[in-house]
Amino acid sequence: MTGTLITVAATGAEADKAQVPALPVTLAELTDTAVACQQAGAAVIHVHIRDDDAKPTLDVGRLKDTVAALRAETDLIVQLSTGGAVTDSFDARLAVLDAEPDACSLTCGTVNFGDDVFANPWGFIKDLYQLTKERGVVPEFELFDLGHVATLHRLLGEFGPPAGGHVHCDLVMGVPGGMPGDVATLVAAVHALPDGATWSATGIGRTTLPVLLGALGAGGHLRVGMEDTLTFARGRPVTGNAELVRRAADLATLAQRPPMAPAQARQFLGIG
Ligand code: KMH
Ligand code: ZN
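In terms of this note's numbering, the sequence shown opens at residue 2 and continues consecutively.
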């Protein structure tokens with residue numbers, strides 16, 4: 002039986018550093034959390050970066066420095082977000098690949114995102130997908146809703162398999178406006194995935210634990226981190242990403258599917 006791939010989504014684009022002091026926003030904070038998360042069982046880091054004012058940015062120079070620093074300090078697979086913040090332009094999101102990461106996120110459709118809209122029209126999705134193939138960057142298909150699974154089928158049907166040859170998806174559940182973070186929805190989404198695809202799941206906010214436990218029970222992999230939840234337990238803020246990774250790793254080990262090391266994860270995802 003294969004182990005469990007654990008991805009840490011360490012920062013995100015939404016949380017406010019002033020309100021969440023433990024959020025890693027500087028390069029030093031990000032590399033520190035990355036080292037701790039690798040020790041705790043993570044194999045992949047999903048990366049959003051911030052500027053000097055701790056605001057989200059897609060600055061390519063900063064992204065290149067971030068990729069280099071994470072590679073120098075850890076063995077983690079570096080997956081850059083091409084989702085960015087809801088305010089980022091499509092051009093800026095495509096330019097993320099200029100930073101030459103191992104992997105990137107690729108969201109397969111538009112979704113209401115609280116009071117905002119996370120826009121991913123078909124034209125952008127197919128341009129980004131073709132660019133990942135040209136550049137040899139392995140995409141992780143982010144699915145916020147069941148309709149996104151249909152678009153994933155269309156994408157693979159029109160343009161063929163991704164760089165690395167393997168389809169790995171991440172079910173992002175519990176976003177206000179996306180699919181709910183419950184086990185019935187998880188099972189429905191997993192049944193709709195393309196044959197041979199592997200998947201992780203993450204539950205936003207209070208759906209974190211139901212989605213995590215459901216994913217382990219259904220043979221899936223895990224994404225955790227402060228992009229997705231800022232509360233470890235009712236009334237108890239997260240102190241750092243590593244404790245979320247450690248909890249996921251402990252539960253995966255209990256489920257007899259211990260965390261994959263980064264080298265094993267590279268093989269699993271087709272990342273050379
Ligand atoms: N920040 C969200 C609007 C991704 O990283 O690819 C989009 C997001 C998805 O976080
Ligand atoms: Zn993200």
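All C-beta atoms in this analysis are idealised placements derived from N, C-alpha and C, irrespective of residue type, glycine included.
Asked: DSSP-derived helix/strand/coil call for I272; Found: coil
Asked: Limits of the unbroken alpha helix (DSSP H) element including I126; Found: W123 to R136
Asked: Same chain only: Cβ atoms within 6 Å of I205, ignoring 5 sequence neighbours per side; Found: G175, V176 and D229
Asked: Option in T203, T58, R267 and T254 with minimal Cα separation from A1; Found: In the structure displayed, the chain extends from 2 to 273; residue 1 sits before or after that span and is not available.
Asked: Nearest candidate by alpha-carbon position, reference E101, set V239, M227, T67 and N113; Found: T67
Asked: C-alpha gap between L98 and L252, whole angstroms; Found: 34 Å
Asked: Residue environment, V154, which counts as buried when at least 16 other CB atoms sit within 10 Å; Found: A small correction: the amino acid at residue 154 is His; Val does not occupy that position in the sequence shown. When all chains shown are included, H154 counts as exposed.
Asked: heavy atom of the ligand KMH below 7 Å from T83 C-beta; Found: yes
Asked: Supposed close pair V79, I46 - CB separation, criterion 8 Å; Found: 6 Å
Asked: First through last residue of the alpha helix (DSSP H) which encompasses L211; Found: Sequence check: residue 211 is Pro here, not Leu. Here the alpha helix (DSSP H) through P211 covers T209 to G218.
Asked: T111 beta carbon less than 8 Å from that of E143; Found: no
Asked: Closest Cα partner of A190 within the set H167, H149 and G166; Found: H149
Asked: Exposed unless 16 or more other CB atoms sit within 10 angstroms - verdict on F119; Found: buried
Asked: Nearest to P194 (by Cα), restricted to the options R237, A234, F145 and L214; Found: The sequence as given places Leu at residue 194; Pro does not occur at that position. Among R237, A234, F145 and L214, the Cα nearest to that of L194 is on F145.
Asked: Unbroken beta strand (DSSP E) run spanning C105, endpoints; Found: A104 to T108
Asked: Test item: CB-CB of V26 and K18 under 8 Å; Found: yes
Asked: Distance between beta carbons of C170 and T133, contact taken as under 8 Å; Found: Contact doesn't hold; Cβ gap of about 14 Å is too wide.
Asked: For V239, the three-state DSSP class (helix, strand or coil); Found: coil
Asked: Close beta carbons around R63, own chain, < 7 Å, minus the five adjacent residues each side; Found: I50
Asked: Near the ligand KMH: T133 beta-carbon under 7 Å from a heavy atom; Found: no
Asked: L172 (DSSP reduced to helix, strand or coil); Found: strand
Asked: Nearest residue (CA-CA) to G115, options G137, N121, V87 and P122; Found: V87
Asked: Span separating the alpha-carbon of E74 from that of A249; Found: 22 Å
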